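**Q** Under the working numbering, the first residue of the sequence shown carries the number 1, and numbering increases by one thereafter. We treat Cβ as the ideally placed atom computed from N, Cα and C, and that holds for glycine. Model, not experiment: these values are computed from the prediction.
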Amino acid sequence: MNIILLGPPGAGKGTQAHILVEKRGMIQLSTGDMLREAKDSGTEMGKVVAEVMARGDLVTDDIVIGLIREKIQGDNGGGFIFDGFPRTLAQADALAELLQEQGQGLDAVVEMQVDDDALVERITARSTCGGCGAVYNDITKPWPEDGKCANCGSTEVKRRADDNADSLKQRLMEYYKKTSPLIGYYYAKGQLKTVDGLGEIDDVSAAIEGALS
Ligand code: AMP
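1) Based on DSSP bridge pairs, tell me the residues matched to F82.
2) Does DSSP put E156 in a helix, a strand or coil?
3) Does the Cβ of A207 have 16 or more other Cβ atoms within 10 Å, making it buried, or fewer, making it exposed?
4) Is DSSP giving K47 helix, strand or coil here?
5) Output needed for F150: all residues of its chain with C-beta closer than 7 Å, excluding positions within five of it in sequence on either side, in chain order.
6) In chain order, what residues of the same chain lie with their CB nearer than 6 Å to the CB of C129, ignoring the 5 residues before and after it?
7) With a threshold of 8 Å on Cβ separation, who are the neighbours of L98 within its own chain once the five nearest residues in sequence on each side are excluded?
8) Output the distance between the C-alpha atoms of G12 and M112, rounded to the nearest integer angstrom.
9) Hey, quick one: how far does the beta strand (DSSP E) through Y176 stretch, first residue to last?
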């Protein structure tokens, strides 16, 4: 089963993708994570995208489509979860073609709805574990008092460079201008499932399971 998690920054796509990986053995393909890796490892592409990402703009379609093309060759395990991709109509068309080339298709697009005030609150409080990528929130899910990740024991707390008020404003703008048209696109294709992304992590996870079954 190949699915897309669609939603604005802070909707909880990464958190829910991690859960689906654990529960269903699916493979998470996050273009944001791939781009951050490229940036951290100082590749030419990483240098090109660093500034774009810091501003909260979208990276070019060619770059992200190239990243996804590399990853979807071969075995897809329990299926792919596309997290943060596609973000434009051109990317959505490219994904359909790439999957078709592999003799595969898309089974569902899960739109996670969260209101804007909650997004801002979530993102400015967000941190992740440098060891395993587990997501924490200063208010709703703070780091354990001993400073060690509850999942893997790492003490490395990471905050994203673009999780600040200015970049977030731009990321939201990009979402509404370029990504939200995908909701209509997948609705028209009969693939859209919508879940409320505002509740507790377990409730959202149950809603996603319901949408997928
Ligand atoms: P994310 O981790 O999904 O919030 O992505 C972080 C940043 O990476 C975005 O604000 C964009 O600058 C860039 N990015 C990630 N995925 C894409 C994509 N599919 N298309 C264009 N830019 C992307």
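**A** For this structure:
1) Here residue 82 refers to the residue found at position 82 when the sequence shown is read from its first residue. F82 is bridged to I4 and L29.
2) Translated into positions along the sequence shown, residue 156 becomes position 156. It is coil, neither helix nor strand.
3) Counting from one through the sequence shown, the residue named residue 207 turns up at place 207. The residue is buried, with at least 16 neighbouring Cβ atoms inside 10 Å.
4) Looking up residue 47 in the sequence shown gives position 47. Here K47 carries a helix assignment [DSSP, helix/strand/coil].
5) Here residue 150 is taken as the residue at index 150 of the sequence shown, counted from 1. For the sequence presented, residue 150 should be read as Ala rather than Phe. Hits under 7 Å: P144.
6) Reading the sequence shown from its first residue, position 129 is the one you call residue 129. Around C129: C149 and S154.
7) The residue you call residue 98 lines up with position 98 of the sequence shown. Excluding positions up to five away in sequence, the list reads I65, I68, R69 and I72.
8) Counting from one through the sequence shown, the residue named residue 12 turns up at place 12. Counting from one through the sequence shown, the residue named residue 112 turns up at place 112. Near 8 Å, if we compare the C-alpha coordinates of M112 and G12.
9) Here residue 176 refers to the residue found at position 176 of the sequence shown. Looking at the DSSP string, Y176 is not in any beta strand (DSSP E), and its letter there is neither H nor E.
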